[in-house]
Amino acid sequence: MTIAKPSETLIHKTTQLMREGMNAHAFGEYRAPEALGDARWTDELILSTWYMAETGKIPADINFKTGKSGGGFDRLEFGYIDESSWLPHSDDIDTSLTLNRRGDNKNKIDIDIPWYGGGMSYGSVSVNVMMSRAKNAKKWNSFMSTGEGGYPPELFEYSDSVITQVATGYFGVDENSIKATPIVEFKYAQGAKPGLGGHLLAAKAGEEVSKLRGSVPFVSLFSPFPFHSTYSVEDHSKHLDWIETVNPNALLSVKVSTPHDVDMVAVGSFYAGAHIIHLDGSYGGTGAAPEIAKKNIAMPIELAIPKVHKFLEKEGVRDQVTLIASGGIRTADDIAKSIALGADGCVLGTTDLVGMGCTRCANCEGGPSGRGCPWGLTTTDVELQEWVDQDWGALRLENLYGAMQWRVRDILRKLGMSSVRELRGRTDLLRYITTEGNS
Amino acid sequence: MGSGAILQSQTDADIGVSSKSQTLREFGAESARIGREIADSYERYHIHVHEVKDVDPLPHRFLVKVGKFGLAKLLVKELVTYFPKFDVILSRPCTYGVFSGPLGGFSPRPELCVGCLRCTVQHPDFVEVLHNPELFKLGDSYTTHGHITAIDEEARKGMVPVRGQGYRGRFGGPGFDGMLTDMSEIVRPSRDGIHGRELIGTAVDIGSKPMHLSFNEDGRLSEASPDMFTIQVPFIFDLPPGDFMSDKLSKVVEETSRTIDTLACIDADSVTRLGLDLPHVVPVLRSSDACRISEFRNSRLIELESWDIVAFEEARLSTAAIVGIRMEFREGWQGRLTDAVESGVKVIHFLADLHGRDPGGSFVSDLFKEAHLMLIEQGRRDAVTLIGSGGIVGADHVPKAIISGMDAVALDLPVIFAIQGRANAPLKNRDEVRGTLPKKFNHSWSVQRLANLCGSWRDQLLEILGAMGIREVRRLRGEFGRSMIVKNLEDEAFEGIAGYPGGGS
């Protein structure tokens with residue numbers, strides 16, 4: 001069956017119904033769908049994210065902080081100081097994050113919020129989703145990453161807010177996209193499928209996607225694992241040198257997953273020249289991954305952050321590198337907890353998608369229809385991708401990020417802090433709760 | 440010169456190989472020809488899988504309820520609003536065909552629903568998507584409906600289950616859920632192929648490896664060849680639990696084990712009655728019947744149901760096959776293990792209950808580890824093959840059991856669920872499991888379902904080994920360092936955090 005681009009009327013009808021439905025649920029006009037949510041992303045977390053994306057505010061009466069996974073972030077809460085000492089809520093509470101701590105002559109970049117958007121490739125998501133994220137990143141003086149799928153031409157307008165990712169298949173990597181970006185991200189591994197490489201199924205590798213990836217349409221595209229040119233940290237260093245030759249000002253980010261020796265990997269990356277060490281935990285999102293990999297390989301991010309933070313401190317290099325955590329970061333509270341555990345900031349992926357309507361049905365890879373996400377997010381289907389309008393998506397994310405920034409400030413003021421930078425590594429401010437989190 | 444000849448490199452232009460003298464050019468051509476012959480005749484081990492339809496499908500995941508009045512109202516409204524734009528009028532929120540049957544939304548097809556929830560989000564006033572309670576009735580607290588649906592899918596498709604989005608379950612957990620496997624950012628089993636996992640070996644040896652080699656004056660081995668054989672996957676089929684034992688099922692596991700080159704444990708009476716005395720069948724004998732062991736002339740491994748030195752000696756003297764011992768994790772198993780191995784037993788098949796526990800509640804990962812370390816301590820680990828049964832109900836349990844010290848594991852409940860059997864909870868004690876196999880199942884269908892399950896589990900094992908950079912599963916045995924225990928990681932990460940109880944939660 002040939003799927004044609006939908007008419008304007010059909011787009012209008014469908015998007016209106018979808019948006020009205022999302023809002024009605026977010027505002028509690030209907031009972032949450034029984035089948036919505038799971039232990040990590042509960043129905044309340046999904047609906048509260050929709051609410052924040054709609055209003056820019058945090059909801060009053062549902063749990064927007066934690067899931068029900070029974071561990072990790074869901075067992076942690078902050079031990080606030082006495083209420084009488086809380087700071088007033090203020091936009092002056094600093095939430096900025098410095099990405100270049102090496103003190104070298106490369107780009108000096110501070111972003112306004114302690115997180116940015118993670119890699120989701122063109123092919124795994126539509127160009128509309130990429131553009132929504134890029135527009136939002138620009139508004140927040142932050143970033144989003146291309147993922148490994150190339151650089152759609154539309155993105156160049158937002159190149160100051162776009163990280164170019166170089167991954168093991170080198171799909172879509174060219175001189176232009178490396179020169180255009182302030183940050184180049186080397187993806188060694190992905191938390192959801194560590195050590196397994198990537199696979200874009202044939203159905204999602206359409207004309208435009210395959211063109212950008214230098215392939216032919218509707219052929220499965222594999223990113224091998226690992227970089228076949230890397231056998232050691234010295235080889236890794238050569239990779240970074242190569243980028244430096246093409247774009248001498250670019251910051252270098254190294255994205256790795258969380259094996260038992262993640263601390264050593266992090267230190268090795270630092271000495272190879274990385275400005276940003278990006279840890280991607282095992283509970284992170286993906287467009288497609290073997291189910292066996294998601295839970296079983298490598299460790300959750302909550303457990304990796306303190307390990308790396310402490311080791312970098314021990315090595316005496318902690319303040320020369322920016323430690324970023326991702327893979328299972330869902331909420332503003334997760335971000336604050338990550339920072340308290342030792343990260344400088346976080347990367348969000350799934351949260352962005354949920355903000356734009358994702359229900360986490362897990363059919364991103366195509367599902368039985370082979371067409372990808374029915375919400376128009378993780379698809380390049382000519383019809384389905386039209387359900388996400390770029391400006392609508394950007395507005396949703398702008399609202400969501402606004403609410404999240406408010407919540408981060410709210411946590412900081414209740415801890416008597418005027419900057420998120422003060423929170424790093426302050427595990428003494430965390431409490432482990434023995435019942436399910438609903439702090 | 441035959442392909443088996445050893446080519447010796449010489450720098451001389453004229454090289455003597457076999458009876459004929461060759462020039463260097465001829466030598467090179469001959470070498471290339473032999474190499475090609477060997478390469479062409481090499482057949483990589485592969486389990487042939489293909490999709491096999493269900494004969495008794497599991498309850499579908501979701502129920503879809505549509506209010507007919509609400510739907511009729513919507514149709515009228517859209518007809519009026521959008522006429523004559525039929526592409527708009529006929530468009531529906533489901534891309535999976537739930538509302539594309541002859542009666543559309545008036546008779547939805549919930550079996551096609553994947554739970555994207557677009558329909559109920561768009562039309563909350565008259566569409567509901569609910570969990571199917573029938574699905575939740577499957578299994579018990581250990582072998583959950585999630586395990587059963589995964590096995591069912593694996594047996595149907597023979598593929599590695601792949602989904603979008605991230606992990607959806609609980610953080611860590613008991614048993615195997617509390618163990619994570621490691622990965623390497625750089626090390627690969629091989630740089631060949633796309634991911635380097637194409638050449639990973641999953642073969643394991645059953646029997647006893649020599650602890651050292653002895654040579655005679657001629658430089659030849661002075662001892663008989665090791666008393667062991669190789670199977671291609673580190674899992675075998677165990678005796679079916681409870682009342683599932685049947686002749687039909689015995690024939691299914693026999694043929695599947697032959698097809699994929701593994702072993703099937705079948706009770707000795709059935710082996711005799713069905714004429715299944717074959718190399719891939721492991722007759723299981725009561726110790727009191729050890730005298731019957733000579734009946735099984737073709738078996739490579741025969742198991743006695745429990746440890747009894749007299750029975751073992753009698754059996755050993757009456758057969759050329761390896762005599763293995765099934766050993767429950769009952770009190771005093773450590774002593775029995777030591778006695779058995781000291782007495783020359785080369786295969787120990789451990790049995791925990793179907794929740795993977797011993798009577799004291801210890802989990803198999805700890806029990807397997809204890810047995811493995813005990814034999815290492817005694818300097819006898821390679822003299823014996825350890826096979827573990829109990830609690831292996833997911834693909835990830837295979838590598839985790841091997842990391843815990845087993846050479847291979849045995850599958851019990853997965854066999855039943857692969858061929859769409861239904862077992863009543865609780866699924867804890869082997870003898871007490873009750874259930875039924877599908878009425879319509881036939882032999883070839885079942886064999887393919889079981890082969891599909893094995894193909895899927897083997898491929899998932901390759902994923903795990905590939906991520907670690909380990910080239911063969913034999914090297915994974917007892918590699919505790921390639922696993923991470925969640926409670927240990929939590930202790931390290933959350934140490935000093937107020938309220939953290941320590942030692943996991």
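From first to last, the protein sequence lines are chains A and B.
Just so you know, we're using this note's numbering here: the first sequence kicks off at 1 and counts up by one.
Just so you know, we're using this note's numbering here: the second sequence kicks off at 440 and counts up by one.
Built from N, CA and C at the ideal position, the CB exists for glycine as well.
Residue i versus residue j: straight-line alpha-carbon distance, rounded
i	j	result
B:I473	B:F654	30 Å
B:F728	B:V626	First, the amino acid is wrong: residue 728 of chain B is Asp here, not Phe. Answer to the nearest angstrom: the Cα atoms are 51 Å apart.
A:L17	A:G56	21 Å
B:L652	B:R659	10 Å
B:L619	B:D835	9 Å
A:S418	A:A137	24 Å
B:I909	B:G920	13 Å
B:S460	B:F466	9 Å
B:W884	A:K307	50 Å
A:A250	A:M299	30 Å
B:A642	B:R888	21 Å
Cβ neighbour criterion (16 or more within 10 Å) applied to residue i
i	result
B:P523	exposed
A:N105	exposed
A:P374	buried
A:P248	exposed
A:E8	exposed
A:W387	buried
A:D381	buried
Where residue i falls: helix, strand or coil (DSSP)
i	result
B:F508	helix
B:A890	helix
A:P59	coil
B:H947	Coverage of chain B is limited to positions 440 through 944, which leaves residue 947 of chain B absent and any answer about it impossible.
A:Y158	helix
A:R413	helix
B:E911	strand
A:I324	strand
B:C558	helix
A:Y116	strand
B:I855	helix
B:K516	helix
B:N863	strand
B:S580	coil
A:S253	strand
B:G455	With a pLDDT of 45 at B:G455, under the threshold of 50, the modelled position of that residue is not reliable, and the figure given next carries that caveat. Note: B:G455 maps to strand in three-state DSSP.
Interface partners of residue i on chain A, CB under 8 Å
i	result
B:H584	Simply none; closest approach about 14 Å.
B:Q899	P290, I292
Where residue i meets chain B, residues with beta-carbon distance less than 7 Å
i	result
A:L423	The premise fails here: A:L423 is roughly 14 Å from chain B at the closest Cβ pair, so nothing lies under 7 Å.
A:V246	Here the premise fails: no neighbours, minimum Cβ distance about 23 Å.
A:N63	Neighbours of A:N63 on chain B: none; closest Cβ ~17 Å, over 7 Å.
A:T427	G935, I936
A:E302	A932
A:V265	E624
Interface residues of chain A facing residue i [CB-CB closer than 7 Å]
i	result
B:F933	Y432
B:T559	P33
B:Y481	Going along chain A, no residue has its Cβ under 7 Å from B:Y481, so there is no contact; the nearest lies around 23 Å.
B:T620	N296, I297
Beta-carbon proximity list for residue i, same chain, < 7 Å, skipping 5 on both sides
i	result
B:V886	V691, E694, T695, T698
B:I590	P853, F856, A857, L892
A:A332	M404, R407, V408
Nonlocal neighbours in the same chain, by C-beta distance under 6 Å from residue i, ignoring five residues either side
i	result
A:A325	L279, I301, I305, S338, A343, C346
B:L542	none
A:S48	P59, I62, F64
B:R725	E744
Residues near residue i in its chain [Cβ-Cβ closer than 8 Å; skip 5 each side]
i	result
A:A203	F218, G366, G370, R371, G372
A:W86	Y80, R413, K414, G416
B:G554	R500, F501, V568
Closer than 9 Å at the beta carbon, the chain B residues around residue i
i	result
A:K307	L928, E931, A932
A:Y188	E624, I625
Neighbouring residues, chain A, relative to residue i (Cβ below 9 Å)
i	result
B:E902	K193, G195, L196, P290, I292, A293, I297
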